[in-house]
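Peer 1:
Numbering (my numbering), first residue to last: 561 to 691.
#1: Check each candidate in 637, 596, 603 and name the one with the smallest Cα separation from residue 676.
#2: Determine the direct distance from the alpha carbon of residue 623 to that of residue 531, and round the result to whole angstroms.
#3: Can you tell me the Cα-Cα spacing of residue 625 and residue 685, whole angstroms?
#4: When you compare the CB positions of residue 679 and residue 639, do they come within less than 8 angstroms of one another, or not?
#5: Would you give the residue range spanned by the alpha helix (DSSP H) that residue 615 belongs to?
#6: Taking the C-alpha atoms as reference points, what is the distance between residue 589 and residue 671?
#7: Along the chain, where does the alpha helix (DSSP H) that runs through residue 568 open and close?
#8: Which of the three DSSP states, helix, strand or coil, is assigned to residue 682?
#9: In the DSSP assignment, find the beta strand (DSSP E) that holds residue 638 and state where it starts and stops.
#10: Quick check: the Cα distance between residue 571 and residue 615, rounded to an integer number of angstroms?
#11: Could you pull out every residue in the same chain whose Cβ sits closer than 7 angstroms to the Cβ of residue 718, ignoring the five residues on either side in sequence?
#12: Is the CB-CB distance between residue 620 and residue 605 below 8 angstroms?
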């Protein structure tokens with residue numbers, strides 16, 4: 561026989577309780593209350609300004625969204641490759657040696673941003689930035 565709890569919250573909370581996570585969340589709220597919203601806002605504004613200044617000055621970075629408006633300190637951006645070389649193109653008929661048949665590329669590599677997960681992996685592995 562299977563017994564079900566009548567309380568849906570207790571029924572859905574299966575497995576080991578997330579005690580450590582709840583303590584960490586409580587500490588985060590405690591720090592937020594202790595520091596105050598104004599200090600947190602001023603620090604976020606300061607660091608966001610520094611980040612945008614560095615990102616906007618780099619021609620290989622495209623910052624998405626309105627950079628002048630008051631915003632949350634979350635920055636979305638694309639990174640272009642630094643290589644100005646053209647991509648190798650395969651004609652419409654394809655390459656009979658390799659069996660690759662596809663339409664040719666005419667754009668430069670600089671026109672295309674790097675893959676987002678690739679950039680996130682590089683930021684994490686090289687600089688410790690969690691993206």
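Every residue gets a Cβ at the ideal spot worked out from N, C-alpha and C, and that includes glycine.
Peer 2: Judging by the given coordinates:
#1: Residue 637 is the option with its Cα nearest to residue 676.
#2: With the chain covering only 561 through 691, there is no way to say anything about residue 531.
#3: Each residue's alpha carbon lies about 26 angstroms from the other.
#4: A distance below 8 angstroms separates the beta carbons of residue 679 and residue 639.
#5: Taken as a continuous stretch (DSSP letters only), the alpha helix (DSSP H) holding residue 615 covers 597-616.
#6: Each residue's alpha carbon lies about 44 angstroms from the other.
#7: Where residue 568 is concerned, the enclosing alpha helix (DSSP H) stretches over 568-572.
#8: In the three-state DSSP reduction, residue 682 falls in the helix class (H, G or I).
#9: Residues 637-639.
#10: The straight-line gap from Cα to Cα measures roughly 48 angstroms.
#11: The question about residue 718 has no answer here: the residues shown for the chain are numbered 561 through 691.
#12: In this structure, residue 620 sits away from residue 605, with a CB-CB distance that is not shorter than 8 angstroms.
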